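Using our numbering, the first residue of the sequence shown is number 15, and each one after it goes up by one.
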Amino acid sequence: MIDMPIHEEGTKLDPCILVIFGATGDLARRKLFPALYNLYRQQQLPGRFAVIGLGRKLSDESEFRDSVCHSVKEFSRKVEDGACGEFLEYFKYQRFEIEDPEAYAGLKQLLEETDRALGTGGNFIFYLAVAPEQFAQIVERLSHERLAEAEIGWRRIVIEKPFGKDLESARQLNRRITRVFNEDEIYRIDHYLGKEMIQNIMIIRFANSLFEPLWNNKYIDNVQISVTEADGVGARGRYYEGAGAVRDMVQNHLMQLLTLTAMEAPVDLTTRSIRDEKVKVIRSLRRFSPDMAREFIVRGQYGPGSIDGRRVKGYREEEGASSDSMTETFLAAKLFIDNFRWSGVPFYLRTGKRLPRSAASIVIEFKAPAGVLYFEKYGELLPNVLVIKIQPEEGVYLQFNAKELGMRDRIIPVKMDYCQNCIYPENSPEAYERLIRDVISGDSALFTRWDEVENAWAFTETITDAWKGHEVSFPNYAAGTWGPKEAEDLLRRDGKEWWSS
Ligand code: BG6
Numbered sequence: 015m016i017d018m019p020i021h022e023e024g025t026k027l028d029p030c031i032l033v034i035f036g037a038t039g040d041l042a043r044r045k046l047f048p049a050l051y052n053l054y055r056q057q058q059l060p061g062r063f064a065v066i067g068l069g070r071k072l073s074d075e076s077e078f079r080d081s082v083c084h085s086v087k088e089f090s091r092k093v094e095d096g097a098c099g100e101f102l103e104y105f106k107y108q109r110f111e112i113e114d115p116e117a118y119a120g121l122k123q124l125l126e127e128t129d130r131a132l133g134t135g136g137n138f139i140f141y142l143a144v145a146p147e148q149f150a151q152i153v154e155r156l157s158h159e160r161l162a163e164a165e166i167g168w169r170r171i172v173i174e175k176p177f178g179k180d181l182e183s184a185r186q187l188n189r190r191i192t193r194v195f196n197e198d199e200i201y202r203i204d205h206y207l208g209k210e211m212i213q214n215i216m217i218i219r220f221a222n223s224l225f226e227p228l229w230n231n232k233y234i235d236n237v238q239i240s241v242t243e244a245d246g247v248g249a250r251g252r253y254y255e256g257a258g259a260v261r262d263m264v265q266n267h268l269m270q271l272l273t274l275t276a277m278e279a280p281v282d283l284t285t286r287s288i289r290d291e292k293v294k295v296i297r298s299l300r301r302f303s304p305d306m307a308r309e310f311i312v313r314g315q316y317g318p319g320s321i322d323g324r325r326v327k328g329y330r331e332e333e334g335a336s337s338d339s340m341t342e343t344f345l346a347a348k349l350f351i352d353n354f355r356w357s358g359v360p361f362y363l364r365t366g367k368r369l370p371r372s373a374a375s376i377v378i379e380f381k382a383p384a385g386v387l388y389f390e391k392y393g394e395l396l397p398n399v400l401v402i403k404i405q406p407e408e409g410v411y412l413q414f415n416a417k418e419l420g421m422r423d424r425i426i427p428v429k430m431d432y433c434q435n436c437i438y439p440e441n442s443p444e445a446y447e448r449l450i451r452d453v454i455s456g457d458s459a460l461f462t463r464w465d466e467v468e469n470a471w472a473f474t475e476t477i478t479d480a481w482k483g484h485e486v487s488f489p490n491y492a493a494g495t496w497g498p499k500e501a502e503d504l505l506r507r508d509g510k511e512w513w514s515s
């Protein structure tokens, strides 16, 4: 046992045991173990703590600890000497077949033993880093073994995305999970909420008198939310084939960016008040009819092409994708929020795989100044723009007009650029660090409540429904380009263009 009594901010974290289903899988290896390591390194884990890894691929604890050590070395943002020493003492392992009822009895025994030995007070977190088809089954088996109810201590369950694959399946899944766990014990992950700059959106908006008074349809011309990726679907073709960009990115990550950008100020900073405001935004989104979808949504699928001088294959050639697949890997859309604040302001969304660059940003373009004074002399000026840079660079960028140095009296756009990760290169925690720490401390503000998920599905389903029977010809963009030409036209028709991040 490692003794680390109090975490950095002085809050005493309850002792607990974290059980990871899918501990030999990709998510655990790439994200969860490095995040745990960084929490350990920063003294952000409880004094009495253990991780029980459950998986099929490894045979025993020593192999498992080796794999944790490798994952930290390969994926952690920082590795200090001794990373594979004391830290590994947290980890226990059990070979585990999710389908096998006996396995849960074994888990129960191991949990009880570990709990007794460490004095973790019956506080258990169950982290489901497994395929979504397995979520409900695991929850029901935990309930059957009476592991889901706490006689002493607490229980929390962490569920990875996707939470359902459409509105109906999400509702069914939720019904099965909430028969066993209460809403406040359920932590539905959207890892974008753990990203530094996404947590910063509300602060930029509501802790500055500079922006909030202008944050409405009187002063804002349009908003662009863009999450682009240079990677293709990699080894996840089988999952992606049934998902596509709408289910994989829009229903969750882009919806979160949109709600945080557009929500009203919450009455206070409690989880409930913030989530209440986010839900109102989703409910105010104008639903898509087939005609609207044709006019305001562009979908695409990448064909072969090249990125950074490297040839890459088309989506239909990816492992797990069908050779005549109609799954979209790109989406650009113009959305409308029908409320007093935003009426008339287009929200342009764009996301896609195999684009030239991986980047995420929110761009607020302000309205042009009145057409007098400088306008008469110089014609239209470039708009003021505020860019919230989410990744890879983190920060905020404000563009405004000023006089060019010299005699010519020219007006040029200048910028104030705050680059957070240039200033604090070491301090940018990975999303999963923050999220795991929040689960341990029982703070669910950065997780999605059921009605957020449900309303997001209800909205995005209007897109997928509108597409039914209206096929487009795929592939329609080459890997390494910015998507189908129609995505440019979508903005050009409005006299705008995508902000290049
Ligand atoms: C995941 C999607 O939720 O987010 C992936 O399933 C996507 O398809 C990923 O690549 C993007 O996350 P990030 O943090 O790399 O921007």
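We put the beta carbon where it would ideally sit given N, CA and C, even for glycine.
These numbers come from a predicted model, not from an experiment.
Cutoff 6 Å; reference residue i; Cβ partners in own chain excluding five residues on either side
i, result
"D452", "L460"
"A374", "V241, I404 and Q405"
"F350", "R300"
"E511", "L505"
"R463", "R289"
"R368", "G246, Y316 and A493"
"L400", "I378 and L412"
"I311", "A347"
"R448", "G208"
Cut-off 7 Å between Cβ atoms - residues of its own chain near residue i, not counting five sequence neighbours on either side
i, result
"S357", "N231"
"V467", "F177, A184 and R202"
"H21", "Its pLDDT being 41, under 50, H21 is placed unreliably in this model, and the value from its coordinates should be taken loosely. Counting only Cβ-Cβ distances below 7 Å, and skipping sequence neighbours, we find L27, Q57 and Q58."
"D17", "Residue confidence is low: D17 scores 43 on pLDDT, short of 50, so the model does not pin down where it sits. No coordinate-derived value is stated."
"M15", "Per-residue confidence for M15 stands at a pLDDT of 41, beneath the threshold of 50, marking its modelled position as unreliable; the derived number appears in the next sentence. Cβ neighbours of M15 beyond the five flanking positions: R62 and L132."
"E199", "R169, R170 and I171"
"E394", "A382"
"W471", "G178, D180, L181, A184 and Q265"
"K175", "I203, D204 and N266"
"S514", "none"
Heavy atom of ligand 1 within 7 Å of residue i beta-carbon
i, result
"K391", "no"
"H267", "yes"
"D40", "no"
"E407", "no"
"H13", "Because the chain here runs from 15 to 515, residue 13 falls outside it and cannot be looked at."
"D322", "no"
"E394", "no"
"K175", "yes"
"E243", "yes"
"A335", "no"
"M211", "no"
"A249", "no"
Integer Cβ distance of residue i from residue j, believed to fall under 8 Å
i, j, result
"I31", "L156", "Contact doesn't hold; Cβ gap of about 13 Å is too wide."
"G120", "D28", "25 Å between Cβ atoms; not a contact."
"H205", "A445", "5 Å"
"T341", "G258", "4 Å"
"F380", "L228", "7 Å"
"E475", "L181", "5 Å"
"E108", "L72", "Checking the sequence shown, residue 108 turns out to be Gln, not Glu. Actually they do not touch by this definition, with Cβ atoms about 10 Å apart."
Three-state class that DSSP yields for residue i in the structure shown
i, result
"P19", "Unreliable placement is indicated for P19, whose pLDDT of 39 sits below 50; no coordinate value is reported for it."
"T284", "coil"
"Q56", "coil"
"I477", "helix"
"N490", "coil"
"S85", "helix"
"Q315", "coil"
"K106", "strand"
"Y329", "helix"
"K292", "helix"
"L27", "coil"
"G120", "helix"
"P370", "coil"
"E94", "coil"
"R300", "coil"
"A347", "strand"
"L125", "helix"
"L363", "strand"
"A37", "coil"
8 Å CB neighbourhood of residue i in its chain, flanking five on each side removed
i, result
"Q151", "I112 and E113"
"E23", "Low per-residue confidence applies at E23: pLDDT is 47, beneath 50, and the placement is therefore not dependable, though the value from the model is reported in the following sentence. Nothing listed; no residue qualifies."
"C588", "Residue 588 cannot be examined here, being either before or after the span of the chain that is shown, 15 to 515."
Chain C contact for residue i (CB, 8 Å cutoff)
i, result
"I217", "In summary, chain C is missing from the structure at hand, where a single protein chain is found."
At which residue ranges does the segment 388-472 contain complete beta strand (DSSP E) runs of 3 or more residues, listed in the order of the chain?
399-405, 409-417 and 425-433
At what residue ranges does the segment 141-216 contain a whole run of the alpha helix (DSSP H), taking only runs of 4 or more?
149-158 and 181-192
Residue ranges of each beta strand (DSSP E) run of no fewer than 3 residues wholly in the segment 212-274, ordered along the chain?
234-242
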